[in-house]
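A short worksheet on the structure shown next.
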Amino acid sequence: MLDGKTILVTGGTGSFGKKFTRIILDRFDVEKIIVFSRGELKQAQMRAEFQNNPKLRFFIGDVRDKDRLYRAFNGVDIVIHAAALKRVPECEYNPFEAIKTNVLGAENIINAAIDKGVEKVVALSTDKAANPINLYGATKLCSDKLFIAGNSYVGKKKTRFSVVRYGNVLGSRGSVIPFFQKMKEEGVIPITDDRMTRFWITLEDAVELVILSLQKMLGGEIFVPKIPSMKIVDLAKSIAPECEQKIIGIRPGEKLHESLISRADARHTVEFEDYYIIQPQFNWWGANNHNDGQDLEEGFEYRSDKNDQWISIEEMRRLIGEI
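Residues in the sequence shown are numbered consecutively from 5, following our numbering.
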């Protein structure tokens, strides 16, 4: 499927970008992978980590810079858009910066992809984009809608846009796990609320979801994996069972529970064995698209506290050990 293709990954030096690059190089005979990101140090470190692999190219650039994207997209077949400002408190405090990267950057990706004849674009999203209450989630919801609507602007060109949406990522630098591991040394783990739950996915499964979307996408879908939930207090126990837990209160923009599919979206979502597809509501979307999936029951909502899959303390401890 990806053999002979040129792939560009925005935010390619991040946790997802490095895992995606590793898996794609191991599994497919691609023409090349372009790692597009802002930080020259991270690019140098990644180049060394991959032992100067001749199939890798490193482009310094920012998704805010449309001209640089146009240059980088020359000859590119597939774009994986992973670049974003993602930390909730920082986005709350710097909302204009989050909009420039997450919203205006998405518009730049869409325009460059259409104009440069990119075949497929898959944008990474987050559970915080479903019923958002914080600025980060709102920008990602806006980004999702831009990528879906981008299919309306393609005309007779071949470019197609889809989105993948998942929860907290095991093994990413931005997850709470490294923070809990650091606080373990202090003997006290701060917990915002003992009722809190979150969805969890491994980096490997996140990459597999992107590969699946590249195989299945027609343009306009949001792919949502079936992934387990865990209580934050149980996560803390899996990392530091001997430590005291101190309730400190929910931070600005934080939810008790996250959603991957809202009740409104469920009305046009179809279910498969290991994932869901939220279908677009545009007149160009065919009624027979993904009609092998099952419709969801009325009132369905995919929420982290109402999940039928849960990670045990022992299983999480094993997964963290593997990381």
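In this text, a Cβ means the ideal position worked out from N, Cα and C, and glycines have one as well. Here the structure is a predicted model, which means the values were calculated and not measured.
Quiz prompt | PHE54 versus ILE11: straight-line alpha-carbon distance, rounded | solution = Cα to Cα, the separation comes out at about 16 Å.
Practice problem: Using alpha carbons as the reference points, say which of HIS272, PRO232, ARG75 and ASN155 lies closest to ARG164. | Solution: Minimum Cα distance to ARG164 is reached at ASN155.
Exercise. Could I get the ranges of all uninterrupted alpha helix (DSSP H) runs contained in the segment 202–234, with 4 residues as the minimum, in chain order?
Key: Segments of the alpha helix (DSSP H) lying fully in the segment 202–234: 207–220.
Quiz prompt | Bridge partners - SER41, DSSP secondary structure assignment | solution = Among the bridge pairs identified by DSSP, SER41 is matched with ILE64.
Quiz item: Once you ignore the five residues that flank VAL167 on each side, which residues in its own chain have a CB closer than 6 Å to its CB?
Solution: Around VAL167, the same chain offers ALA127, SER129, ASP148, PHE151 and ILE226 as residues with beta carbons nearer than 6 Å, after the five sequence neighbours per side are excluded.
Quiz item: Which residues in the same chain as THR196 place their Cβ atom closer than 7 Å to its Cβ, once the five residues preceding and following it in sequence are excluded?
Solution: Cβ within range, chain order: ILE252, GLY253, ILE254, ARG255 and GLU258.
Exercise. Can you grab the Cα-Cα spacing for the pair ASP69 / PRO284, in whole Å?
Key: Each residue's alpha carbon lies about 28 Å from the other.
Practice problem: Grab me the residues of SER19's own chain with a C-beta within less than 8 Å of its C-beta, minus the 5 sequence neighbours each way, in chain order. | Solution: So the list reads VAL173, GLY175, SER176, ARG177, GLY178 and LEU207, once near-sequence residues are dropped.
Quiz item: Out of curiosity, what's the CA-to-CA distance linking LYS36 and ASP309?
Solution: Rounded to the nearest angstrom, the two C-alpha atoms are 41 Å apart.
Exercise. Starting from ASN172, follow its DSSP beta bridges and name the residues at the other end.
Key: DSSP lists TRP204 as partners of ASN172.
Self-check item: Cross-strand partners of GLU319 (DSSP beta bridge)
Solution: DSSP output for GLU319 lists no bridge partner at all.
Quiz prompt | Burial state of GLU318 (16 or more Cβ within 10 Å) | solution = Classification for GLU318: exposed.
Quiz item: Looking at GLY21 and VAL13, is the spacing between their C-beta atoms short of 8 Å?
Solution: Taking 8 Å as the Cβ cut-off, VAL13 and GLY21 qualify as a contacting pair.
Self-check item: 3-residue-minimum beta strand (DSSP E) runs that sit fully inside the segment 42–120, ordered along the chain
Solution: Counting only runs of 3 or more, we get 60–64 and 82–85.
Practice problem: Identify the continuous beta strand (DSSP E) that holds LYS128 and give its terminal residues. | Solution: Residue 128 is actually Leu in this sequence, not Lys. From DSSP, the beta strand (DSSP E) with LEU128 extends over 124–130.
Quiz item: CA-CA distance, LEU45 and LEU139?
Solution: About 29 Å.
Quiz prompt | Cβ-Cβ separation, ILE315 to PRO245 (assumed contact under 8 Å), whole Å | solution = About 15 Å separates the beta carbon of PRO245 from that of ILE315, a gap too long to meet the 8 Å contact definition.
Self-check item: Spatial neighbours of ILE82 in its chain, beta-carbon cut-off 8 Å, leaving aside the 5 residues before and after
Solution: LEU6, LYS9, THR10, ILE11, LEU12, VAL122, GLU123, LYS124, VAL125, VAL126 and LEU218, listed in sequence order.
Practice problem: Measure from the alpha carbon of GLY290 to the alpha carbon of each residue in PHE63, GLY223 and ALA76, then state which is nearest. | Solution: Residue GLY223 holds the alpha-carbon nearest to the alpha-carbon of GLY290 among PHE63, GLY223 and ALA76.
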